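Residue numbers (the working numbering), protein chains in the order written: chain L, 78 to 508; chain G, 78 to 508. Built from N, CA and C at the ideal position, the CB exists for glycine as well. Keep in mind it's a predicted model, so treat the numbers as computed, not measured.
Number of protein chains: 2
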Amino acid sequence: MEDARQTPARGEHPADIADRIQNLPGDEAAEVLRALTPADAARVLAEVEPAAAAQVTGALDDAELQALLAVLPHDRAADIAAELPEARRDAALARLQPADSAQVSRLLSYPEDSVGGIMSDRFIALPVDLTIEEALQHLRKLDPATLKGASYLYVTDAHGRLKGTLTVRDLIFRPPGQPLAEFANPDVKFVRVDDDQETVSRQFAQYHYLALPVLEPDGRLVGVVQADRAVAVAQEEATEDMQLMVGLSGEERIFTTWQQAIPRRLPWLLVNLATAFLAAAVVGLFESTIAQWTALAVFLPIVAGQGGNAGMQTLTVIIRGMALGEISGPSGRKALLKEFILGLLNGLAIGIVVGLVGYWWKGSVLLGVVVSLAMFFNMLAAALSGVLIPFALKTMRIDPALASSIFLTTVTDVAGFFFFLGLAALALQVL
Amino acid sequence: MEDARQTPARGEHPADIADRIQNLPGDEAAEVLRALTPADAARVLAEVEPAAAAQVTGALDDAELQALLAVLPHDRAADIAAELPEARRDAALARLQPADSAQVSRLLSYPEDSVGGIMSDRFIALPVDLTIEEALQHLRKLDPATLKGASYLYVTDAHGRLKGTLTVRDLIFRPPGQPLAEFANPDVKFVRVDDDQETVSRQFAQYHYLALPVLEPDGRLVGVVQADRAVAVAQEEATEDMQLMVGLSGEERIFTTWQQAIPRRLPWLLVNLATAFLAAAVVGLFESTIAQWTALAVFLPIVAGQGGNAGMQTLTVIIRGMALGEISGPSGRKALLKEFILGLLNGLAIGIVVGLVGYWWKGSVLLGVVVSLAMFFNMLAAALSGVLIPFALKTMRIDPALASSIFLTTVTDVAGFFFFLGLAALALQVL
Numbered sequence: 078m079e080d081a082r083q084t085p086a087r088g089e090h091p092a093d094i095a096d097r098i099q100n101l102p103g104d105e106a107a108e109v110l111r112a113l114t115p116a117d118a119a120r121v122l123a124e125v126e127p128a129a130a131a132q133v134t135g136a137l138d139d140a141e142l143q144a145l146l147a148v149l150p151h152d153r154a155a156d157i158a159a160e161l162p163e164a165r166r167d168a169a170l171a172r173l174q175p176a177d178s179a180q181v182s183r184l185l186s187y188p189e190d191s192v193g194g195i196m197s198d199r200f201i202a203l204p205v206d207l208t209i210e211e212a213l214q215h216l217r218k219l220d221p222a223t224l225k226g227a228s229y230l231y232v233t234d235a236h237g238r239l240k241g242t243l244t245v246r247d248l249i250f251r252p253p254g255q256p257l258a259e260f261a262n263p264d265v266k267f268v269r270v271d272d273d274q275e276t277v278s279r280q281f282a283q284y285h286y287l288a289l290p291v292l293e294p295d296g297r298l299v300g301v302v303q304a305d306r307a308v309a310v311a312q313e314e315a316t317e318d319m320q321l322m323v324g325l326s327g328e329e330r331i332f333t334t335w336q337q338a339i340p341r342r343l344p345w346l347l348v349n350l351a352t353a354f355l356a357a358a359v360v361g362l363f364e365s366t367i368a369q370w371t372a373l374a375v376f377l378p379i380v381a382g383q384g385g386n387a388g389m390q391t392l393t394v395i396i397r398g399m400a401l402g403e404i405s406g407p408s409g410r411k412a413l414l415k416e417f418i419l420g421l422l423n424g425l426a427i428g429i430v431v432g433l434v435g436y437w438w439k440g441s442v443l444l445g446v447v448v449s450l451a452m453f454f455n456m457l458a459a460a461l462s463g464v465l466i467p468f469a470l471k472t473m474r475i476d477p478a479l480a481s482s483i484f485l486t487t488v489t490d491v492a493g494f495f496f497f498l499g500l501a502a503l504a505l506q507v508l
Numbered sequence: 078m079e080d081a082r083q084t085p086a087r088g089e090h091p092a093d094i095a096d097r098i099q100n101l102p103g104d105e106a107a108e109v110l111r112a113l114t115p116a117d118a119a120r121v122l123a124e125v126e127p128a129a130a131a132q133v134t135g136a137l138d139d140a141e142l143q144a145l146l147a148v149l150p151h152d153r154a155a156d157i158a159a160e161l162p163e164a165r166r167d168a169a170l171a172r173l174q175p176a177d178s179a180q181v182s183r184l185l186s187y188p189e190d191s192v193g194g195i196m197s198d199r200f201i202a203l204p205v206d207l208t209i210e211e212a213l214q215h216l217r218k219l220d221p222a223t224l225k226g227a228s229y230l231y232v233t234d235a236h237g238r239l240k241g242t243l244t245v246r247d248l249i250f251r252p253p254g255q256p257l258a259e260f261a262n263p264d265v266k267f268v269r270v271d272d273d274q275e276t277v278s279r280q281f282a283q284y285h286y287l288a289l290p291v292l293e294p295d296g297r298l299v300g301v302v303q304a305d306r307a308v309a310v311a312q313e314e315a316t317e318d319m320q321l322m323v324g325l326s327g328e329e330r331i332f333t334t335w336q337q338a339i340p341r342r343l344p345w346l347l348v349n350l351a352t353a354f355l356a357a358a359v360v361g362l363f364e365s366t367i368a369q370w371t372a373l374a375v376f377l378p379i380v381a382g383q384g385g386n387a388g389m390q391t392l393t394v395i396i397r398g399m400a401l402g403e404i405s406g407p408s409g410r411k412a413l414l415k416e417f418i419l420g421l422l423n424g425l426a427i428g429i430v431v432g433l434v435g436y437w438w439k440g441s442v443l444l445g446v447v448v449s450l451a452m453f454f455n456m457l458a459a460a461l462s463g464v465l466i467p468f469a470l471k472t473m474r475i476d477p478a479l480a481s482s483i484f485l486t487t488v489t490d491v492a493g494f495f496f497f498l499g500l501a502a503l504a505l506q507v508l
């Protein structure tokens, strides 16, 4: 097989065209789509990041948009529709076939970060009372698109409730007269339509499935999530966590324009500013101490910054551990103990180094001792807050990643300044 | 279907037992494994995080370890073996069947973050000159474990070179006498055995495959990566990036002990300390200015900290964009322009707010103007370095995430202190 026989060589892959047009202005993106056949254009649109969908389709007229949505799988049509302005979305949905429109609307009704928001409604359900031969006849009548990429076949009862799974291979290697009920595997792992999408990537990573069926609370099979979708969800969830930690929206991408980015970034910068003023106020309390001993100003940022960095290490391990489902009850306490020990030992090491440099640089034993102690205490504060902040956010049912680095550096700044300047003031008073 | 019929209810899932024992000391983990049948124990070991493998198997004797490795799929056996002390690994491999030992050793020879390091050698290759009937006979003779989870069947020539793919469904719905060569799909996306594993999660997320064949440079089919593995790889890569950014090893987990964590965290804390002293040296240059005007010390951490936070927002977007493959040539320049504009506007907004608060707090127009300008310039420096640092690391063929937050805060601290104290010194001199 030569590279020249790969799909991309016969024309750009829809996913690659999608990457390209989501970086273009709406009118240029529309030109690219119009130059393709409707089926190809729909394939491209299916691959566009939902966040870029409104922009990419912005310059298409209603009929063009509807023609594309009509050939998309329902779940992709819903993903795109979810990002459109409301009037546009309603107009486009109204033009679809009633059955398609109803199904897309139903998928739209699930929160976008729930399992319902990412599942596909394209799956194969076989009545539990069929024989293998009848099941094969049933399969031959299906749209080939439905068969494509179906990792499992699902067996359901008269109410549409999931009763078991089987594979196409099962149908080949068994006698044609055997009823499905006899060999369908009833031990099925599933997810609920209202579960969080994070659950899904965890389940896939943990149990290695190629597909998971999605059930309503009453047990009815309503969709399926394939592993390939779970890869994208895992990436999305990780991106969201990384972004939330530093005060981003969780949805910013390279192609997000500055006009879209500013209203999302600036508010968190203002929150950060408010917390910075809080820390500055602590410094303000000790302004007369600094006036007496200006060398303190030189060491201030070291004590605070070093604490912030150590705390970020702890925070990152904890938040990622929570996202991957590695942290449960006892391991939470164990993590706190581990980070406390690390804070103690790193604090001792860094405290001694900072103290020695302080003494050597300014020739003052007192400065060395004060900065050393403050550094040690701030490293401990950093370790503890790196664990406690995400746990506190989680307890309040807030995403543990949300702006956690901003909260953390508030603690390490305030505590660092207070320990350092407080100890210095005390030393000046006593000596 | 009721929950009581789910697999976990009939006994804990191997993956869940694995989670549990990787938090236990070696001797307790060994007890848990010994209480299981060898087949079940192997299933559990297959689910243990490679990073915890040495600990989990630490208290097993060589015969016990060998018995487990013998029943594991080769790729999982290689993952575990890679983490064992060398003498132990060699002893265990020597005890395997020669064919298994050779295959595990071959998988071990690939770097662990390469495609070879994550692929499975369990795939179905059918000679291209078979008919459908012959192919079905071939399949019936195979170990059922090989068939399980195989999303595609691969067609190869006499040299083992990949010629195309087909699915089990193709074999059912076509005439038994048809040769495979007539309908196997020759347009196959593949990955190379020496590609980086990041390539794989990108390919899965981008093109939605259930499995990708892995080829040697000469076109021979040597393995396969399934989408379920790609989910775990995507999570692993994201964890690594998040950790590298803040100076962690990329491999730290909740169950990593403090003894393992300290030699990995402390060096980066010391690097951070060195850069903090660099920033402190800038403050040192202006000690006499601070002695004249101690209010400067109060605003110092605001200018630096706020720059650091804004820079982290930029850095996070860029690094994640690089990891997801969203950044190529022109979009890099576009990203730089976008961040420059954001730095300009956020800098203007934050600069004005900080200036006003400075004036209001200390009653000094001069302080307000100085802090406002310094803030503005530092926000620009933050935006530019948030883009340029990862690009510079990438150009030097270093992971763009590596310690990038440490480099970034060095820039924002040094630049922030220099702008603020430099402007203040200048103002004091002129006025």
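Enumerate, from N- to C-terminal direction, the unbroken alpha helix (DSSP H) stretches of 4 or more residues contained entirely within the region 173-258 of chain L. Segments of the alpha helix (DSSP H) lying fully in the region 173-258 of chain L: 175-185, 192-195, 209-217, 221-224 and 245-250.
What residues of chain G sit near ASP490 of chain L, judged by a beta carbon separation below 9 Å? Ordered by position in chain G, the residues that pass the 9 Å Cβ test against ASP490 of chain L are PRO378 and GLY382.
SER228 of chain L at chain G interface by Cβ criterion, 8 Å: It does: the Cβ of SER228 of chain L has a partner Cβ on chain G nearer than 8 Å.
Going along the chain, which residues of the region 436-459 of chain G sit with their C-beta nearer than 7 Å to a C-beta in chain L? For the region 436-459 of chain G, the set of positions with a beta-carbon nearer than 7 Å to some beta-carbon of chain L is empty.
Output yes or no for whether 8 Å exceeds the beta carbon distance between ASN262 of chain L and LEU287 of chain L. Not closer than 8 Å, so no.
C-beta contact flag for PHE468 of chain L and GLY409 of chain L at 8 Å: The Cβ atoms of PHE468 of chain L and GLY409 of chain L sit closer than 8 Å to each other.
With 9 Å as the limit, tell me which residues of the region 235-264 of chain G have their beta carbon closer than that to any beta carbon of chain L; keep them in chain order. Along the region 235-264 of chain G, going in chain order, the ones with a CB nearer than 9 Å to a CB of chain L are ARG238, LEU239, LYS240, GLY241, THR244, VAL245, ARG246, LEU248, ILE249, PHE250, PRO263 and ASP264.
Any beta carbon of chain L sitting closer than 8 Å to that of ARG397 of chain G? At least one beta carbon of chain L lies nearer than 8 Å to the beta carbon of ARG397 of chain G.
If we ignore side chains and look at the alpha-carbon of each, how far apart do ALA478 of chain L and ASN349 of chain L end up? Here the alpha carbon of ALA478 of chain L sits roughly 15 Å from the alpha carbon of ASN349 of chain L.
Within the same chain, show all residues whose beta-carbon is closer than 6 Å to that of GLY428 of chain G, passing over the 5 residues directly before and after it, in chain order. Taken in chain order, the residues that qualify are SER449, MET452 and PHE453.
May I ask which residues mark the beginning and end of the alpha helix (DSSP H) holding LEU292 of chain G? Where LEU292 of chain G is concerned, there is no enclosing alpha helix (DSSP H), although the beta strand (DSSP E) around it starts and stops at 288-292.
According to DSSP, ASN262 of chain L sits in a beta bridge with which residue or residues? As computed with DSSP, ASN262 of chain L is found in a beta bridge with L:THR242.
Would you kindly work out how many angstroms separate the C-alpha atoms of THR334 of chain G and ILE94 of chain G, rounded to a whole number? Their backbone Cα atoms lie some 19 Å apart in a straight line.
Does any C-beta atom of chain G lie closer than 8 Å to the C-beta of PHE281 of chain L? At least one C-beta of chain G is nearer than 8 Å to the C-beta of PHE281 of chain L.
CB-CB under 6 Å to THR487 of chain G, same chain, minus the five flanking residues each way: which ones, in chain order? The residues are THR352.
Tell whether a beta-carbon distance below 8 Å holds between VAL270 of chain L and ALA307 of chain L. Not a contact, by the Cβ cut-off of 8 Å.
In chain order, what residues of the same chain have a beta carbon less than 6 Å from the beta carbon of GLN509 of chain G, not counting five sequence neighbours either side? The requested residue 509 of chain G does not occur in the structure, where chain G is confined to residues 78 to 508.
For THR233 of chain L and ASP305 of chain L, what's the separation of their Cα atoms in angstroms? Separation of THR233 of chain L and ASP305 of chain L (C-alpha to C-alpha, rounded to the nearest whole angstrom) is 24 Å.
Are the C-beta of VAL148 of chain L and some C-beta of chain G separated by less than 8 Å? For VAL148 of chain L, the answer is no, since every Cβ of chain G falls outside 8 Å of its Cβ.
Please decide whether GLY194 of chain L counts as near chain G, where near means a Cβ-Cβ distance under 8 Å. With 8 Å as the cut-off, GLY194 of chain L does not count as an interface residue toward chain G.
Backbone secondary structure at LEU578 of chain G - three-state DSSP: An answer regarding residue 578 of chain G cannot be provided, because it is not within the stretch 78 to 508 covered by chain G.
Cut-off 6 Å between Cβ atoms - residues of its own chain near ALA130 of chain G, not counting five sequence neighbours on either side: Excluding positions up to five away in sequence, the list reads ILE157 and GLU160.
Distance, MET196 of chain G Cα to ASP190 of chain G Cα: Cα to Cα, ASP190 of chain G sits roughly 11 Å from MET196 of chain G.
Measuring only between beta-carbons, confirm whether GLN83 of chain G sits less than 8 Å from chain L. Reliability of the predicted coordinates at GLN83 of chain G is poor, the pLDDT of 34 falling under 50, and the value obtained from them is presented with this limitation in mind. Yes - at least one Cβ of chain L is within 8 Å of the one on GLN83 of chain G.
ARG279 of chain L: beta carbon under 7 Å from a heavy atom of the ligand SAH? Of the ligands one can find in the structure shown there are none, so the ligand SAH has no counterpart to examine.
Inter-residue Cα distance where the pair is GLU364 of chain L and SER441 of chain G: Computed Cα separation, rounded: 16 Å.
Cβ of VAL360 of chain L within 8 Å of Cβ of ALA374 of chain G? Yes, the Cβ-Cβ distance between VAL360 of chain L and ALA374 of chain G is below 8 Å.
Which bits of chain G does ASP139 of chain L rub up against, with CB to CB less than 7 Å? At a C-beta separation below 7 Å, ASP139 of chain L has no neighbours in chain G, since its nearest C-beta there lies roughly 29 Å away.
What is the DSSP secondary structure of VAL301 of chain L, reduced to helix, strand or coil? Strand at VAL301 of chain L.
Going by DSSP, what residues sit across from ARG269 of chain G in a beta bridge? Note: ARG269 of chain G sits in a beta bridge opposite G:LEU292.
Under 7 Å between beta-carbons, which chain G residues line up against TYR284 of chain L? List them in chain order, please. Per Cβ cutoff of 7 Å: HIS90 and ALA92.
Can you tell me whether GLN383 of chain G is buried or exposed, with buried defined as 16 or more other CB within 10 angstroms of its CB? With at least 16 other beta carbons inside 10 angstroms of its own, GLN383 of chain G counts as buried.
Separation of ILE379 of chain L from LYS471 of chain G, as counted between CA atoms: The C-alpha of ILE379 of chain L is placed about 29 Å away from the C-alpha of LYS471 of chain G.
If the criterion is Cβ atoms closer than 8 Å, does the pair ASP418 of chain G and VAL464 of chain G meet it? Reading the sequence as shown, one finds Ile at residue 418 of chain G and not Asp. The answer is no: Cβ separation not under 8 Å.
Look up LEU450 of chain L in the DSSP assignment and say whether it is helix, strand or coil. It is helical.
Whose C-beta lies closer than 7 Å to the C-beta of GLU293 of chain G among residues of the same chain, with five residues either side of it excluded? Within the same chain, and ignoring the five residues on either side of GLU293 of chain G in sequence, the residues whose Cβ sits closer than 7 Å to its Cβ are VAL270 and VAL299.
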